[in-house]
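Okay, structure first, notes after.
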Amino acid sequence: MRQSINYFMNYFNEAVVQAIRIKEYEDNEGLIQKRPYDQRYIALADLTSRIEKTLGLALNLCDIYYIYNKTTYCFTKDEKTYLFDRIDNILDTLEKIKETPYNVDDALLGDKKSETAKNIAEFGDRIDKLRAFIKASLIVFNG
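Take 474 as the starting number for the sequence shown in our numbering and just add one per residue.
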């Protein structure tokens with residue numbers, strides 16, 4: 474249980490660091506000043522928004538696992554069903570956040586050397602690892 478909570482907090486910290494790096498990159502490249510906004514800015518603004526959405530989900534997972542761990546009584550069938558439904562909803566939401574297409578040119582996303590494509594790939598990998606960890610960690614609720 475503790476490992477799960479630590480993993481979710483680690484995800485949260487890594488996501489915050491990535492958001493900060495993106496902001497620094499935008500500032501260094503002067504992307505906000507470019508009008509109309511260029512494709513890199515649009516993609517990174519979308520990515521930052523997605524990162525922010527996942528932060529709330531990671532904290533929600535921390536709460537669910539923490540409360541379950543601290544509870545001194547056995548959960549009823551309905552309570553466990555609620556927990557599993559909530560976790561399933563979070564898994565589905567994470568998948569939708571990752572899979573929603575970015576509204577930018579494919580050339581930008583296809584350029585694996587670009588900072589934008591690297592950040593999007595890093596985010597996708599982090600989401601995949603988080604989803605896999607959540608699925609593997611559901612065993613803590615059996616008991």
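We put the CB at the ideal spot given by N, CA and C, even for glycine.
Practice item. Return yes when the Cβ of F614 is within less than 8 Å of the Cβ of L556, no when it is not. Key: yes
Review point. Are the CB atoms of L582 and R513 nearer to each other than 8 Å?
Key: no
Point to revise | Expected contact under 8 Å - CB spacing of M482 and N542 to nearest Å | key: About 14 Å separates the two Cβ atoms, so there is no contact after all.
Check your understanding: Enumerated in chain order, which unbroken segments of the alpha helix (DSSP H) with a length of 4 residues or greater are wholly contained in the segment 565 to 604?
Key -> 579 to 583
Check your understanding: What do you reckon, are the CB atoms on L528 and I495 nearer than 8 Å?
Key -> no
Check your understanding: Any C-beta of chain C sitting closer than 8 Å to the C-beta of I537?
Key -> The structure shown contains no chain C; it is built from a single protein chain.
**Study point:** Spatial neighbours of K571 in its chain, beta-carbon cut-off 6 Å, leaving aside the 5 residues before and after
**Key:** Annotation for K571: G597, I600 place their beta carbon closer than 6 Å to its own, counting only its chain and skipping 5 residues before and after.
Exercise for review: Report buried or exposed for N592, applying the criterion of at least 16 other Cβ atoms within 10 angstroms of its Cβ.
Suggested key: A buried status is given to N592, since no fewer than 16 other beta-carbon atoms sit within 10 Å of its beta-carbon.
Check your understanding: CB-CB under 8 Å to E525, same chain, minus the five flanking residues each way: which ones, in chain order?
Key -> Within the same chain, E525 has close Cβ partners A492.
**Study point:** Sub-8 Å separation of R559 and I537 beta-carbons
**Key:** yes
Check your understanding: What's the call for A488, buried or exposed, on a 16-neighbour Cβ count within 10 Å?
Key -> Per the 10 Å Cβ criterion, buried.
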